[in-house]
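These notes are about the structure you will find just below.
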Amino acid sequence: MTEPHEDGMPDGLTGPERAVWRAFRIGRTCDLTEGIAERDDPFGVREWGEERSVRADVVALLLLDGPPARSGRVAALKLRGVRITGVLNLAGGTIGPYVELHSCRFDGEVVLPEARFGTLRMVECALPRLEAARLHTEGDLHLPRCRVRHGIRLTDAQIGTDLLINQIQVWPDRRGRAITADGMVVAQDLQAELIETHGELSLRGAKVGVSLSLRGSVLRGAQGRRALNAPQLTVERSLYLNAAWVYEGTGSSGRTGNTTATPPYGVTPAQGTRRKPVECHGGVRLDDGRFGDAVDLHSARFLLNGARRDEVSLRRIVTPELRFNGERPEEGRVVLNGAKVVTLIDLSTSWPGPGGLAMGGFAYENLVPYGHFPLARRLEWVAAATPEYAPEPYERLATVLRNSGEDADAREVLLAKQRRRRETLPIAGKLWGYLQDWTVAYGYRPGRAALWMAVLWAAGTVAFSHYRPIPLKAEESPEWNGTLYALDLLLPVINLGQDGYWRLEGLWQWAAAALILLGWILATTVAAGATRLLRRG
Numbered sequence: 255m256t257e258p259h260e261d262g263m264p265d266g267l268t269g270p271e272r273a274v275w276r277a278f279r280i281g282r283t284c285d286l287t288e289g290i291a292e293r294d295d296p297f298g299v300r301e302w303g304e305e306r307s308v309r310a311d312v313v314a315l316l317l318l319d320g321p322p323a324r325s326g327r328v329a330a331l332k333l334r335g336v337r338i339t340g341v342l343n344l345a346g347g348t349i350g351p352y353v354e355l356h357s358c359r360f361d362g363e364v365v366l367p368e369a370r371f372g373t374l375r376m377v378e379c380a381l382p383r384l385e386a387a388r389l390h391t392e393g394d395l396h397l398p399r400c401r402v403r404h405g406i407r408l409t410d411a412q413i414g415t416d417l418l419i420n421q422i423q424v425w426p427d428r429r430g431r432a433i434t435a436d437g438m439v440v441a442q443d444l445q446a447e448l449i450e451t452h453g454e455l456s457l458r459g460a461k462v463g464v465s466l467s468l469r470g471s472v473l474r475g476a477q478g479r480r481a482l483n484a485p486q487l488t489v490e491r492s493l494y495l496n497a498a499w500v501y502e503g504t505g506s507s508g509r510t511g512n513t514t515a516t517p518p519y520g521v522t523p524a525q526g527t528r529r530k531p532v533e534c535h536g537g538v539r540l541d542d543g544r545f546g547d548a549v550d551l552h553s554a555r556f557l558l559n560g561a562r563r564d565e566v567s568l569r570r571i572v573t574p575e576l577r578f579n580g581e582r583p584e585e586g587r588v589v590l591n592g593a594k595v596v597t598l599i600d601l602s603t604s605w606p607g608p609g610g611l612a613m614g615g616f617a618y619e620n621l622v623p624y625g626h627f628p629l630a631r632r633l634e635w636v637a638a639a640t641p642e643y644a645p646e647p648y649e650r651l652a653t654v655l656r657n658s659g660e661d662a663d664a665r666e667v668l669l670a671k672q673r674r675r676r677e678t679l680p681i682a683g684k685l686w687g688y689l690q691d692w693t694v695a696y697g698y699r700p701g702r703a704a705l706w707m708a709v710l711w712a713a714g715t716v717a718f719s720h721y722r723p724i725p726l727k728a729e730e731s732p733e734w735n736g737t738l739y740a741l742d743l744l745l746p747v748i749n750l751g752q753d754g755y756w757r758l759e760g761l762w763q764w765a766a767a768a769l770i771l772l773g774w775i776l777a778t779t780v781a782a783g784a785t786r787l788l789r790r791g
């Protein structure tokens, strides 16, 4: 290109480039499509010739130092169906015009480090790579339905409003990362629904001002990397790793493909739609994340590799609500160590079995089962998280159940804790534990203690009915009553007017002493249980 003429258009421009130049000055879309879907497909195998080609240098000149808009118009770069040859390098530049590219092809990578845009929209475009570290936009960054062969880099980018990358497909860079957005800040929503990545999605230390949605996406880790690596992620509202409603629709280019149709809560999905769950082929790491409203894993599928020790790691996350009601991971582990949740919404069939769950120090205040979740399954849930006995998960569950008014269930949990503890004791401790369990259930079933008291009372009644002891003072002793005497021995503190007036000899002394000791033990158990019931009342 030579120096521009007075009209602002340089010499040496091709026909398509002159068309783009003229459209830029009036803010009109330069459409170089042929109107035939197969030929206009930016992802197709058909080559686009010179009649649709524009050099990247021309595009850069327009954006960095383009001609002024015609009177009464606003300059903007709007392209459709254009092939951009060479490397588009806008690194460090300030781009004032509005940019919107539809169904375009890039022969070389797009280089935008430290560039500043108002709004940048690239829709359904084919790119070798997008390099945009420390990119700054005042408005939106849109990349929906694009295909990027060698990764996207948005490290430390600053997005002024929304980042929309719905239905994008990205393959990995040399390091196995498909999208690298560590330290990125998005002022409003990050929508990444129905995306497909063939490498790690990295969001380490990223911040999202509203919500982050990955509904219906397929995330595949590559080269031993995780599917999603997002420690210290901050989302002011909710993280959605759940299903999306999809239907077969017609795209803007005339081809049939999936489009998202996720309705708001309370709205019935349109007829013909289906649910597409999010799939993570590889580990998920959300350690130390902060989420203002919820982490939603409804219908999520975690396809973990046990040989690689893949994990769904939620260590030390903080969120008011965790919805863990996806499909059960067949391999790998779910780790909740140190997490803090106000409400846990879960499904009994979503949790992995023994060895697949860890939740040491996991704190939650409310349990809201999604569907039927019997106490026996809840105890299996705790047992799966404690291959070696640990009291804390049992005590946490008992506290939550007691606070929600389920005092009987809380006692069952504490009883299960004692039985697990018994397995760690020596032989003598185990025998004593079995005796306590069989007789009074470690004191957590007071009804059993009351039944034993009734049995002992009946036995004492029968025994003492066939025995008449010698009174200590004949003139002061009441009339002998074996039934009342047995009950007087069993009930501590209460005096029924029989004990203390008779002299027992031989084995009868031992029988009376046994009733007194057993009475103290059983009565204490019954009183403790009654106290708990009255306290709950």
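For the sequence shown, this note's numbering gives the first residue as 255, with consecutive numbering after it. Note that the Cβ used here is the ideal one computed from N, Cα and C, for glycine as well. Here the structure is a predicted model, which is why all the values come from computation and not from measurement.
Subject >> Residue interval of the alpha helix (DSSP H) (run including P647) >> reply: 645–657
**OP:** Would you identify the three-state DSSP class for Q445, choosing helix, strand or coil?
**Re:** strand
**OP:** With DSSP as the reference, label W302 as helix, strand or coil.
**Re:** coil
Original post:
Considering only C-alpha positions, which residue in the set G335, G609, R300 is nearest to L286?
Top reply: Put simply, of G335, G609, R300 the residue whose alpha carbon is nearest the alpha carbon of L286 is G335.
Original post:
Helix, strand or coil: which one does DSSP assign to A612?
Top reply: strand
Original post:
For M376, which residues does DSSP report across the bridge?
Top reply: L355
Subject >> Reduced DSSP secondary structure (H/G/I, E/B, other) of W211 >> reply: Only positions 255 to 791 of the chain appear in this structure, which leaves residue 211 out of reach.
Subject >> Minimum C-alpha distance to I349 - residue among V462, P321, D361 >> reply: P321
Subject >> Beta-carbon proximity list for W302, same chain, < 7 Å, skipping 5 on both sides >> reply: R337, R359
**OP:** For R546, I'd like the list of residues in its chain whose CB is within less than 7 Å of its CB, leaving aside the five on either flank, ordered along the chain.
**Re:** The sequence shown places Gly at residue 546, rather than the Arg named in the question. For G546, where only same-chain residues beyond five positions count, the Cβ hits under 7 Å are V489, E490, R491.
Subject >> Whole-number beta carbon distance between G714 and L769, since they are thought to touch under 8 Å >> reply: With a contact defined as Cβ atoms closer than 8 Å, L769 and G714 qualify at about 6 Å.
Original post:
Nearest to M707 by alpha carbon, out of Y688, L743, L679?
Top reply: Closest option to M707, Cα to Cα, is L743.
Subject >> When Q421, A644, A652, L444 are compared against T678, the one with the closest alpha-carbon >> reply: Considering only alpha carbons, the answer is A644.
Subject >> Alpha-carbon spacing of L374 relative to E354, whole angstroms >> reply: Taking the straight line from one Cα to the other gives about 6 Å.
**OP:** Please list, in chain order, all residues of the same chain as L487 whose beta carbon is under 7 Å from its beta carbon, the five residues on each side excluded.
**Re:** L457, A460, L540, G543
Original post:
Hey, would you say L448 sits closer than 7 Å to L468, going by beta carbons?
Top reply: no
Original post:
From which residue to which residue does the beta strand (DSSP E) around T339 run?
Top reply: 337–339
Subject >> Between the CA atoms of V622 and W499 - distance to the nearest angstrom >> reply: 25 Å
Original post:
Are the stretch 404–421 and the stretch 435–452 touching, with three or more C-beta to C-beta distances below 8 Å?
Top reply: Pairwise C-beta distances place the stretch 404–421 in contact with the stretch 435–452, as three or more of them are shorter than 8 Å.
Original post:
In three-state terms, what does DSSP make of V464?
Top reply: Note: V464 maps to coil in three-state DSSP.
Original post:
With respect to the alpha helix (DSSP H) encompassing Y739, which residues constitute its N-terminal and C-terminal limits?
Top reply: Unbroken alpha helix (DSSP H) run through Y739: 736–744.
Original post:
Expressed to the nearest angstrom, what Euclidean distance is found between the alpha-carbon atoms of A617 and A765?
Top reply: A617 and A765 have their C-alpha atoms roughly 50 Å apart.
Original post:
Expressed to the nearest angstrom, what Euclidean distance is found between the alpha-carbon atoms of R306 and P270?
Top reply: 6 Å
Original post:
The alpha helix (DSSP H) spanning D550 covers which residue range?
Top reply: First-last for D550: 548–550, but that is the beta strand (DSSP E), not the alpha helix (DSSP H).
Original post:
Going by Cα to Cα distance, which pick from F556, R431, Y688, I406 is closest to E581?
Top reply: Of the listed residues, the one whose Cα sits closest to E581 is F556.
Subject >> First through last residue of the beta strand (DSSP E) which encompasses P574 >> reply: 572–578
**OP:** Output the boundary residues of the alpha helix (DSSP H) element that contains L213.
**Re:** A query on residue 213 cannot be resolved here, the shown segment of the chain reaching from 255 to 791 and no further.
Original post:
From what residue to what residue does the alpha helix (DSSP H) around A637 run?
Top reply: In the DSSP assignment, A637 falls within the alpha helix (DSSP H) that extends over 629–639.
Original post:
Where does A329 land, buried or exposed, given buried means 16+ other C-beta within 10 angstroms?
Top reply: Burial call: buried.
Original post:
From this set, G773, D311, A435, which residue's C-alpha is nearest V709's C-alpha?
Top reply: Checked all of G773, D311, A435; the closest Cα to V709 is G773.
Original post:
Which one of D265, E575, L366, K594 has the shortest CA to CA distance from L387?
Top reply: According to the sequence shown, residue 387 is Ala rather than Leu. That would be L366, whose Cα lies nearest to the Cα of A387.
Original post:
Straight-line CA distance for R650 to C534?
Top reply: So the alpha carbons of these two residues sit roughly 30 Å apart.
Original post:
What first and last residue would you give for the beta strand (DSSP E) that runs through D661?
Top reply: That residue, D661, is in no beta strand (DSSP E); its alpha helix (DSSP H) goes 661–676.
**OP:** Assign R428 to one of three DSSP states: helix, strand, or coil.
**Re:** coil
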